[in-house]
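Just so we're aligned: 55 in the working numbering is position 55 of the sequence shown, and the numbers increase by one with no gaps anywhere. Ideal Cβ placement from N, Cα and C applies to all residues, glycine included.
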Amino acid sequence: MYDSNSKTIEALNILLADYHMHYQKLRNFHWNVTGANFFDLHEKFEELYEEAKLKIDEIAERILTLRGKPVSNFSDYLNTSNIKEAETTLVDRDMVSEILKDHNALLKQLKIVTEAAEETKDDGTLDLTGTYIAELEKTSWMLDAWNQRN
1 MYDSNSKTIE ALNILLADYH MHYQKLRNFH WNVTGANFFD LHEKFEELYE
51 EAKLKIDEIA ERILTLRGKP VSNFSDYLNT SNIKEAETTL VDRDMVSEIL
101 KDHNALLKQL KIVTEAAEET KDDGTLDLTG TYIAELEKTS WMLDAWNQRN
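See below:
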């Protein structure tokens with residue numbers, strides 16, 4: 001029964017790596033943001049990394065529920081993730097642009113997970129990905145609106 005989930009587990013492990021890289025990037029930005037937007041972005045980046053931390057745990061637990069093994073080494077995350085590290089010297093608007101790029105990568109991987117879960121009628125994973133997609137799309141819209149201000 002669980003062998004049919006191998007494609008979903010593989011896609012979820014890539015998503016797990018993506019979220020770990022995204023989480024670390026958000027921590028980087030939280031620590032290193034400066035300038036006139038410091039207070040707003042410092043708080044927003046913390047909110048986003050706390051959300052990412054919860055998703056990391058939920059994804060790992062979903063993998064375990066499917067009787068898979070979640071990847072858990074940073075070397076695996078670096079090699080597997082679609083998201084790459086960011087410099088610590090970016091300015092606030094570039095940080096937000098970088099987060100939006102991450103969101104696009106996460107959405108792409110979420111769609112891959114969704115397709116794999118649809119093949120096996122894995123409703124639990126589909127519920128998870130549907131929620132994550134909706135949340136990311138809304139957050140992306142808000143960050144994009146902030147980044148386009150004059």
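With a 10 Å radius around its C-beta and 16 neighbouring C-beta atoms as the bar for buried, classify residue i as buried or exposed.
i    : result
D122 : buried
E135 : exposed
M142 : exposed
Y2   : Residue confidence is low: Y2 scores 48 on pLDDT, short of 50, so the model does not pin down where it sits. No coordinate-derived value is stated.
N79  : exposed
V91  : exposed
L26  : buried
A52  : buried
In chain order, what residues of the same chain have a beta carbon less than 8 Å from the beta carbon of residue i, not counting five sequence neighbours either side?
i    : result
H20  : I56, F74, Y77 and S81
K108 : N82
N37  : D92
N147 : R93, V96, S97 and L100
E58  : L128
CB-CB under 7 Å to residue i, same chain, minus the five flanking residues each way: which ones, in chain order?
i    : result
A60  : L16 and P70
L110 : L15, T129, Y132 and I133
A105 : D18, N82 and I83
V33  : L41, H42, F45, D92 and M95
D144 : L100
Going by CA-CA distance only, name the one from the options that's closest to residue i.
i   : options                : result
T8  : T125, E50, L90 and M95 : T125
M95 : K108, S140 and S6      : S140
F29 : T65, D18, R93 and E10  : R93
L64 : W146, N147 and L12     : L12
R67 : S6, I112, K138 and D40 : S6
E10 : E137, I112 and K138    : I112
Near residue i, which residues of its chain fall below 6 Å by C-beta distance, leaving aside the five closest residues on each side in sequence?
i  : result
S4 : T120
query = Which ranges does the alpha helix (DSSP H) cover as unbroken runs of at least 4 residues, wholly within the segment 116-149, from first to last along the chain?
reply = List check, alpha helix (DSSP H) in window: 123-147.
Segment contact flag, the segment 105-116 with the segment 86-94, C-beta cutoff 8 Å, min 3 pairs = Flag = no, the segment 105-116 and the segment 86-94 do not touch.
query = Three or more C-beta pairs closer than 8 Å, one from the segment 34-50 and one from the segment 100-111: is that the case here?
reply = These segments do not touch.
inquiry  = To test your reading of the DSSP string, which unbroken alpha helix (DSSP H) runs of 4 or more residues are found completely within the segment 23-94?
reply    = Taken in chain order, the unbroken stretches of alpha helix (DSSP H) that lie wholly in the segment 23-94 and span 4 residues or more are 38-65 and 74-80.
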